[in-house]
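Everything in the sequence shown is counted per the working numbering, starting at 80 for the first residue and increasing by one.
Cβ coordinates follow ideal geometry from the N, Cα and C atoms, glycine included.
Take a look at the structure below.
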Amino acid sequence: MEFQASAASRNIQPSATLKLNALVQEMRAKGHDIIGLTAGEPDFNTPEHIVDAGKKAIDDGYTRYTPVSGIPQLKKAIVDTLLKDKNLLYENKNILVSMGAKQALYQALRVILNPGDEVLLPAPCWLSYQEMITMCSAVPVPIHTTAEQGYVPDIESFYEKYTDKTKLILINSPNNPTGAVWGKKILTEIAEFAKDKDLLILSDEIYEKMVYGDAHHVSIASISDDAKERSIIVNGFSKAYAMTGWRLGYSSGNEKIIAAMDAFQSHAAGCPNSIAQHAAVEALNGTQKPLYDMVQVFDRRRKLMVDLIKDIPNVSCFEPEGAFYVLLDISPCIGLKCHDTPISSDMDFAHLLLAHNRVSAVPGNSFYAPNCLRLSYAVKDENIVEAMKRLKEFVLSLE
Ligand SMILES: Cc1ncc(COP(=O)(O)O)c(C=O)c1O
Numbered sequence: 080m081e082f083q084a085s086a087a088s089r090n091i092q093p094s095a096t097l098k099l100n101a102l103v104q105e106m107r108a109k110g111h112d113i114i115g116l117t118a119g120e121p122d123f124n125t126p127e128h129i130v131d132a133g134k135k136a137i138d139d140g141y142t143r144y145t146p147v148s149g150i151p152q153l154k155k156a157i158v159d160t161l162l163k164d165k166n167l168l169y170e171n172k173n174i175l176v177s178m179g180a181k182q183a184l185y186q187a188l189r190v191i192l193n194p195g196d197e198v199l200l201p202a203p204c205w206l207s208y209q210e211m212i213t214m215c216s217a218v219p220v221p222i223h224t225t226a227e228q229g230y231v232p233d234i235e236s237f238y239e240k241y242t243d244k245t246k247l248i249l250i251n252s253p254n255n256p257t258g259a260v261w262g263k264k265i266l267t268e269i270a271e272f273a274k275d276k277d278l279l280i281l282s283d284e285i286y287e288k289m290v291y292g293d294a295h296h297v298s299i300a301s302i303s304d305d306a307k308e309r310s311i312i313v314n315g316f317s318k319a320y321a322m323t324g325w326r327l328g329y330s331s332g333n334e335k336i337i338a339a340m341d342a343f344q345s346h347a348a349g350c351p352n353s354i355a356q357h358a359a360v361e362a363l364n365g366t367q368k369p370l371y372d373m374v375q376v377f378d379r380r381r382k383l384m385v386d387l388i389k390d391i392p393n394v395s396c397f398e399p400e401g402a403f404y405v406l407l408d409i410s411p412c413i414g415l416k417c418h419d420t421p422i423s424s425d426m427d428f429a430h431l432l433l434a435h436n437r438v439s440a441v442p443g444n445s446f447y448a449p450n451c452l453r454l455s456y457a458v459k460d461e462n463i464v465e466a467m468k469r470l471k472e473f474v475l476s477l478e
């Protein structure tokens with residue numbers, strides 16, 4: 080049989096890190112001690128009181144289908160949280176619970192985009208956005224930003240990239256992979272631009288609780304009533320509550336868009352996991368201390384990693400203000416050789432660093448961050464110290 084993949088799925092890029100991960104596994108199997116800096120999830124367990132609520136849900140028999148859009152008590156907990164944290168007034172009908180922020184984002188894109196529509200996508204950005212947009216037969220239009228700009232775009236570039244096909248702006252602050260946290264000024268400008276051009280805004284705020292120092296998370300929906308009306312905010316439990324495996328996220332926004340996403344979800348997936356939903360009520364309504372403790376640990380590791388990077392020649396980084404990643408600029412190393420093997424891309428650098436100095440990191444290219452590596456500091460302090468030592472040795476060995 081000859082299989083011809085559908086047009087929508089034909090162009091999906093296989094994950095750039097798959098080959099790298101295969102090499103990590105092969106090396107580990109041979110007994111090499113690899114330090115992995117690729118983690119996209121907290122290295123913490125789900126807090127005990129949340130786990131207990133999940134166990135209780137099983138004991139209480141909450142093991143059946145729930146309403147597709149989520150159980151009312153979780154939607155209420157989300158509504159209360161949005162009001163308390165962001166002063167955003169929603170009702171249960173504005174909320175849709177999904178199987179992770181990833182599914183929420185994909186569904187939002189599916190109900191908004193028609194083939195050929197363009198999405199303004201500030202970059203660097205999370206690698207799934209461009210693939211999801213392409214899966215909708217729509218077109219990602221990156222708006223490139225630099226470390227010198229603090230990875231905050233200027234509003235002129237939105238006007239420059241705008242065409243009559245532009246339908247949506249997709250933003251993510253705190254950002255994966257840069258760690259940038261956008262302030263009120265740029266968010267206000269984007270909200271005004273969206274109003275001016277009558278565009279929708281999809282705002283991925285999954286790292287909102289992970290902000291450090293003076294950084295402060297602002298939701299674009301809180302900028303104005305108009306911004307709130309044209310924004311879908313996506314959030315989830317994976318990062319803040321260390322619940323990646325529970326698969327739970329949510330969207331809040333305009334009632335009609337949420338209803339369309341609900342209808343889509345009802346056929347594409349059904350209801351989110353019942354047990355996870357009961358645990359998530361506890362995550363939002365219960366103590367937030369484990370979250371604050373985890374954020375403090377990440378803040379310490381962030382400073383540690385950035386300080387150690389300062390001591391390595393030929394690489395540099397923007398000091399992240401949120402999430403748990405450092406985007407390392409390796410441009411000065413491009414063109415150098417590692418034991419006679421030329422380094423012509425971030426992928427080459429990542430492979431050689433792994434092969435020779437046993438540190439794995441994600442090449443930046445798939446995040447629209449060429450000549451960069453994404454380093455995760457969701458690892459123990461001693462691993463950060465050892466990994467930065469090995470990175471330094473690797474860079475010093477290049478000729
Ligand atoms: C920016 C961003 N959005 C969304 C997600 C997906 O989160 P979830 O586990 O809720 O699907 C991730 C996970 O890495 C992410 O980095």
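**Study point:** Cβ-Cβ separation, A339 to V190 (assumed contact under 8 Å), whole Å
**Key:** 4 Å
Point to revise | For V218, the residue or residues it bridges with in DSSP | key: E197
Practice item. Please determine, among M384, I91, N444, P421, the residue with the shortest C-alpha to C-alpha distance to A217. Key: I91
Review point. To the nearest angstrom, how far is it from the Cα of R469 to the Cα of V130?
Key: 37 Å
Practice item. Pick out whichever of T257, P442, P194 has its Cα sitting closest to the Cα of A202. Key: Selected option, being the one with the closest Cα: T257.
Check your understanding: Taking Cβ to Cβ, would you say G315 is nearer than 8 Å to G328?
Key -> Yes. Within cutoff.
Review point. Rounded to a whole number of angstroms, what is the C-alpha to C-alpha distance between N444 and A136?
Key: 43 Å
Exercise for review: Compute the minimum distance between the beta carbon of T323 and the heavy atoms of ligand 1, and state whether it is under 7 Å.
Suggested key: yes
Review point. From N173, G401, V394, pick the residue whose C-alpha is nearest to that of D408; which is it?
Key: V394
Check your understanding: Which runs of the beta strand (DSSP E) fall wholly inside the segment 279 to 365 and span at least 3 residues, in chain order?
Key -> 279 to 283, 310 to 315, 328 to 332
Point to revise | Given 8 Å, three or more beta-carbon pairs between the segment 339 to 348 and the segment 145 to 158 | key: yes
Exercise for review: Report whether the distance from the Cβ of I129 to the nearest heavy atom of ligand 1 is below 7 Å.
Suggested key: no
Review point. From what residue to what residue does the alpha helix (DSSP H) around D408 run?
Key: Per DSSP, D408 belongs to no alpha helix (DSSP H); it is in the beta strand (DSSP E), 404 to 408.
**Study point:** Cβ distance (whole Å) where S455 is taken to contact T125 below 8 Å
**Key:** With 8 Å as the limit, S455 and T125 do not qualify as a contact, their Cβ atoms being about 19 Å apart.
Exercise for review: Classify P232 as helix, strand or coil using the three-state DSSP reduction.
Suggested key: Coil at P232, not helix or strand.
Exercise for review: Per DSSP, which residues does N251 bridge with? Please list them.
Suggested key: D283
Review point. Would a C-beta distance cut-off of 8 Å place S330 and I302 closer than the cut-off?
Key: no
Practice item. Spell out a yes or no on whether the segment 160 to 180 and the segment 196 to 214 are touching, meaning 3 or more CB-CB pairs, one atom from each, closer than 8 Å. Key: no
**Study point:** Simplified DSSP assignment, three categories, for A202
**Key:** strand
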